[in-house]
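The listed protein sequences derive, respectively, from chains A, B, C and D. First residue of the first sequence: 5, per our numbering; consecutive thereafter. First residue of the second sequence: 5, per our numbering; consecutive thereafter. First residue of the third sequence: 5, per our numbering; consecutive thereafter. First residue of the fourth sequence: 5, per our numbering; consecutive thereafter. Notes follow the structure.
Protein chains: 4
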Amino acid sequence: MSPKTKTQYKLIRQEKRALITDTALRVFAEEGYHASSVNRIAERAGISKGLIYNYFTSKEDLLKKIVFDIYNKIIEKYPLNTKETSGKHVEFFIDKTFEFVIEDIDRAKLLFSISSQTEVMEILNEKVIEKSLPFMNSITKYFQTLKHENPEAMMYYFFSVLDGVQLNLIYNSKFPSESVKEILKNQFIKS
Amino acid sequence: MSPKTKTQYKLIRQEKRALITDTALRVFAEEGYHASSVNRIAERAGISKGLIYNYFTSKEDLLKKIVFDIYNKIIEKYPLNTKETSGKHVEFFIDKTFEFVIEDIDRAKLLFSISSQTEVMEILNEKVIEKSLPFMNSITKYFQTLKHENPEAMMYYFFSVLDGVQLNLIYNSKFPSESVKEILKNQFIKS
Amino acid sequence: MSPKTKTQYKLIRQEKRALITDTALRVFAEEGYHASSVNRIAERAGISKGLIYNYFTSKEDLLKKIVFDIYNKIIEKYPLNTKETSGKHVEFFIDKTFEFVIEDIDRAKLLFSISSQTEVMEILNEKVIEKSLPFMNSITKYFQTLKHENPEAMMYYFFSVLDGVQLNLIYNSKFPSESVKEILKNQFIKS
Amino acid sequence: MSPKTKTQYKLIRQEKRALITDTALRVFAEEGYHASSVNRIAERAGISKGLIYNYFTSKEDLLKKIVFDIYNKIIEKYPLNTKETSGKHVEFFIDKTFEFVIEDIDRAKLLFSISSQTEVMEILNEKVIEKSLPFMNSITKYFQTLKHENPEAMMYYFFSVLDGVQLNLIYNSKFPSESVKEILKNQFIKS
DNA sequence: GATGAATGAGAGTTCATTCAT
DNA sequence: CATGAATGAACTCTCATTCAT
Numbered sequence: 005m006s007p008k009t010k011t012q013y014k015l016i017r018q019e020k021r022a023l024i025t026d027t028a029l030r031v032f033a034e035e036g037y038h039a040s041s042v043n044r045i046a047e048r049a050g051i052s053k054g055l056i057y058n059y060f061t062s063k064e065d066l067l068k069k070i071v072f073d074i075y076n077k078i079i080e081k082y083p084l085n086t087k088e089t090s091g092k093h094v095e096f097f098i099d100k101t102f103e104f105v106i107e108d109i110d111r112a113k114l115l116f117s118i119s120s121q122t123e124v125m126e127i128l129n130e131k132v133i134e135k136s137l138p139f140m141n142s143i144t145k146y147f148q149t150l151k152h153e154n155p156e157a158m159m160y161y162f163f164s165v166l167d168g169v170q171l172n173l174i175y176n177s178k179f180p181s182e183s184v185k186e187i188l189k190n191q192f193i194k195s
Numbered sequence: 005m006s007p008k009t010k011t012q013y014k015l016i017r018q019e020k021r022a023l024i025t026d027t028a029l030r031v032f033a034e035e036g037y038h039a040s041s042v043n044r045i046a047e048r049a050g051i052s053k054g055l056i057y058n059y060f061t062s063k064e065d066l067l068k069k070i071v072f073d074i075y076n077k078i079i080e081k082y083p084l085n086t087k088e089t090s091g092k093h094v095e096f097f098i099d100k101t102f103e104f105v106i107e108d109i110d111r112a113k114l115l116f117s118i119s120s121q122t123e124v125m126e127i128l129n130e131k132v133i134e135k136s137l138p139f140m141n142s143i144t145k146y147f148q149t150l151k152h153e154n155p156e157a158m159m160y161y162f163f164s165v166l167d168g169v170q171l172n173l174i175y176n177s178k179f180p181s182e183s184v185k186e187i188l189k190n191q192f193i194k195s
Numbered sequence: 005m006s007p008k009t010k011t012q013y014k015l016i017r018q019e020k021r022a023l024i025t026d027t028a029l030r031v032f033a034e035e036g037y038h039a040s041s042v043n044r045i046a047e048r049a050g051i052s053k054g055l056i057y058n059y060f061t062s063k064e065d066l067l068k069k070i071v072f073d074i075y076n077k078i079i080e081k082y083p084l085n086t087k088e089t090s091g092k093h094v095e096f097f098i099d100k101t102f103e104f105v106i107e108d109i110d111r112a113k114l115l116f117s118i119s120s121q122t123e124v125m126e127i128l129n130e131k132v133i134e135k136s137l138p139f140m141n142s143i144t145k146y147f148q149t150l151k152h153e154n155p156e157a158m159m160y161y162f163f164s165v166l167d168g169v170q171l172n173l174i175y176n177s178k179f180p181s182e183s184v185k186e187i188l189k190n191q192f193i194k195s
Numbered sequence: 005m006s007p008k009t010k011t012q013y014k015l016i017r018q019e020k021r022a023l024i025t026d027t028a029l030r031v032f033a034e035e036g037y038h039a040s041s042v043n044r045i046a047e048r049a050g051i052s053k054g055l056i057y058n059y060f061t062s063k064e065d066l067l068k069k070i071v072f073d074i075y076n077k078i079i080e081k082y083p084l085n086t087k088e089t090s091g092k093h094v095e096f097f098i099d100k101t102f103e104f105v106i107e108d109i110d111r112a113k114l115l116f117s118i119s120s121q122t123e124v125m126e127i128l129n130e131k132v133i134e135k136s137l138p139f140m141n142s143i144t145k146y147f148q149t150l151k152h153e154n155p156e157a158m159m160y161y162f163f164s165v166l167d168g169v170q171l172n173l174i175y176n177s178k179f180p181s182e183s184v185k186e187i188l189k190n191q192f193i194k195s
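As structure tokens, then:
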């Protein structure tokens, strides 16, 4: 006889929002953003098309919010401790990178496939760069302490290696992840 | 007003085909395959929509043939000389990889952006793997001669590093390509 | 916590109904019937969408009842006194017409904008014509007493002039209403 | 064997564009702009939905171009001769107004129904006002020569009367147009 | 070989309406 | 009496593809 309480509504909204983002994430990762249709996301989520627009203003908004959430999750994953510029930090970085891809291949896939769609990323890019700077500085310092000739170039090299490894973790089913992780650590961590 | 000879026709066809693939390549690279319209390609090429269908059965066919052409160009770029498993071969590989991306960023961009679209790649993948095997074997052997613990994993690592470097050459305008090339060579080429 | 009496309920219903019609009237007048959404009306009224359907069977029903109410208000405004066919009656008519528009520009706007939407008006038109007939007869008789050549045509002319003036009162912010009222009276009231 | 000539294409485009605007005009006039669907216009024109977008960028663009065309037609109808401020000019004005509505009731209907949709008109309004000013001045001068107390108010009154008469010509099937035209001329033309 | 008008399926989106609570 | 999550039909618009010429 009485309407649902505000708490009930809030709970429903949270769950449905999560259902939509999770489903969309999977569809986007599988087929790419542009090739995915809102219809298909709704079907897979077992809801109506219209409901998606009750939670997101547009398909693009849905994508942006998913990507944003992923970035936040990544940021959480790499808590920056600038005091620690030792090999431990780099090892931690390598481990977390593998962890992120292996635990959540869909999120990683989406991030990679989206990175080539400039339009979408432009808005996020500033935020991302801002957040990335401390990591870049920290790694650069690490290579300085190792007396590398060009620490900054080494840092760029290090991140590009991580990119390449992630790419193969995602798309190359034969990629020997554990062995490569060992190699990586040997290459970059000098005791 | 004299009727064209068969040779002339063939020449015209070849030129038109090239015009279409070149334009489409650029448009695909810039906006992504799904976001590009046939209309736009025709406009940019200065021809009519209909003409494209005179040379390709569909938009997807156009994409596949472009990607196929790119692979062929890459294959040509890396003439396999299995006798030479020395550091020279690896250096050659690194140089060619940089060359390919820098000389033809559009082709590289297209390849990367397309890689995440499973449907298109599935067909090509088998062909690619088949062609890649000799290179993979050659590089594996190289790491064997260097007495690496796990030469196959090293080979996978090597190719993933190249992937990561390419990715950054394409999308990261601040990437110090020359310095990184030096680092790469130092890392993988032991004299 | 005591149960409300039936009278109290009735009062609440009346107030809520009025709140809904008043809000809808304003929204319809501002944006037009088709461009207005039920959601927007609910928002502006500070109630839920569902509640509107507790009082009206549909958006169209809401519109019809509002229009109907307006007509009733107009009818009340012009109490017909058929004995008085003198200039006083016509002057009264002119005054009331100005009064109606100026006092309640939203109602007037809605009526005019709705008039061109055939579907809605068809149902009302019969009722309106029925109610209007006495006025038309009264005005026709007035022009008869003034010995006009074609009193019926004059009556139609008179009403069309009132229509035109109303239109300009609503949409033309530079319209000199007081001066035009004077002119109108001079034109139609002969002592 | 050869493509259509440019002239042929131009002819086709002209005819199709006219077919679309004519059909849309009728549909808009009958059902109002917002209540009309592009689908319905296409059906009535016997063409596909898509074709409409080959000629107009949007439904709103279609409306704007139709309204614009109407205004241009009206402007042509009233060639301004500012030297002639006599009764002849006013008579001419009255005649043309009747002519416009009677000859082309759909266009008149559309203009009236659209006038209440502010958004659409805003863009046109400036142009319209600019074009209307000479007419307003001309009519004001006419009432000056007639020694009217307030010539400007008379001018506004005159145009509002024309508006009201047009409204009734359009929507009131019983409106005695010829008789009212006579009355109008008697009211405003003093010899 | 070449054109571009035309199609139609399907895209993203909106919104009146329903209903469990 | 009141809520707002949920639906689905219908909307505007896009675009790969066809075809008469």
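In this text, a Cβ means the ideal position worked out from N, Cα and C, and glycines have one as well. It should be emphasised that the depicted structure is a prediction, and the values quoted were computed from it without experimental measurement.
Query	Result
Hey, does residue 176 of chain C have any beta-carbon neighbour from chain D nearer than 9 Å?	yes
Do the CB positions of residue 1 of chain A and residue 118 of chain A come within less than 9 Å of each other?	Since the first residue of chain A shown is 5 and the last is 195, residue 1 of chain A is not available in this structure.
Name the two residues that bound the continuous alpha helix (DSSP H) containing residue 104 of chain A.	91-107
Relative to chain D, which residues along the region 24-52 of chain C have a C-beta separation below 7 Å, given in chain order?	36, 38 and 39
When you compare only the Cα positions, how much space is there between residue 166 of chain B and residue 101 of chain B?	7 Å
Could you check what DSSP says for residue 182 of chain D in three-state terms: helix, strand or coil?	helix
Using a Cβ-Cβ cutoff of less than 6 Å, which residues in the same chain neighbour residue 5 of chain B once the five nearest sequence positions on both sides are dropped?	Residue placement at residue 5 of chain B is flagged as unreliable, the pLDDT there being 47, under the threshold of 50; the coordinate-derived value follows with that caveat. So the list is empty, once near-sequence residues are dropped.
Report back the beta-carbon spacing between residue 132 of chain A and residue 75 of chain A to the nearest angstrom; my notes put them in contact at under 8 Å.	6 Å
Between residue 170 of chain B and the rest of its own chain, which residues show a CB-CB distance below 6 Å, the 5 nearest in sequence each way excluded?	105
Against chain A, which members of the region 155-170 of chain B pass a CB distance test of less than 9 Å?	156, 157, 158, 160, 161, 163, 164, 165, 166, 167, 168, 169 and 170
How would you label residue 190 of chain A, buried or exposed, when you count the other beta carbons within 10 angstroms and need 16 or more for buried?	exposed
Cutting at 6 Å between CB atoms, please list the residues of its own chain near residue 193 of chain D, excluding the five before and the five after it.	91, 94 and 95
For the pair the region 10-17 of chain C and the region 13-23 of chain B, tell me if three or more CB-CB distances fall below 8 Å.	no
Between residue 32 of chain D and residue 67 of chain D, which are expected to be in contact by the criterion C-beta below 8 Å, what is the C-beta distance as a whole number of angstroms?	7 Å
Below 8 Å, can you find three or more Cβ-Cβ pairs linking the region 179-186 of chain C to the region 156-163 of chain D?	yes
Rounded to the nearest angstrom, what separates residue 39 of chain D and residue 22 of chain D at their Cα positions?	22 Å
In three-state DSSP terms, what is residue 9 of chain B?	coil
CA-CA distance, residue 18 of chain D and residue 25 of chain D?	11 Å
What does residue 187 of chain C touch in chain D if you count any residue whose Cβ is under 7 Å from its own?	157, 158 and 161
Output needed for residue 113 of chain C: all residues of its chain with C-beta closer than 7 Å, excluding positions within five of it in sequence on either side, in chain order.	33 and 174
What is the DSSP secondary structure of residue 80 of chain C, counted as helix, strand or coil?	helix
Looking at chain B, is there any beta carbon in it that lies within less than 9 Å of the beta carbon of residue 184 of chain A?	yes
Nearest chain C C-beta to residue 141 of chain D closer than 9 Å, yes or no?	no
Given that residue 119 of chain B touches chain A, what residues does it touch there, using C-beta distances under 8 Å?	175
Show which residues of chain A have a CB atom less than 8 Å away from the CB atom of residue 179 of chain B.	160 and 164
CB-CB under 7 Å to residue 44 of chain C, same chain, minus the five flanking residues each way: which ones, in chain order?	31
Verify the CB distance criterion: does residue 191 of chain B have a CB-CB separation below 9 Å to chain A?	yes
Cβ closer than 8 Å: which chain A residues qualify as neighbours of residue 76 of chain B?	Going along chain A, no residue has its Cβ under 8 Å from residue 76 of chain B, so there is no contact; the nearest lies around 21 Å.
Under the three-state reduction of DSSP, which class applies to residue 39 of chain A: helix, strand or coil?	coil
Looking at the secondary structure, which residues open and close the alpha helix (DSSP H) in which residue 62 of chain B lies?	Run containing residue 62 of chain B: none; DSSP gives neither H nor E here.
Is it buried or exposed for residue 137 of chain A, if we count other Cβ within 10 angstroms and need 16 for buried?	exposed
Helix or strand or just coil, what does DSSP make of residue 143 of chain C?	helix
Cβ of residue 179 of chain C within 9 Å of Cβ of residue 162 of chain C?	no
Would you kindly check if the distance between the Cβ of residue 188 of chain A and the Cβ of residue 78 of chain A is under 9 Å?	no
Whose Cβ in chain D lies nearer than 8 Å to the Cβ of residue 172 of chain C?	160, 163, 164 and 167
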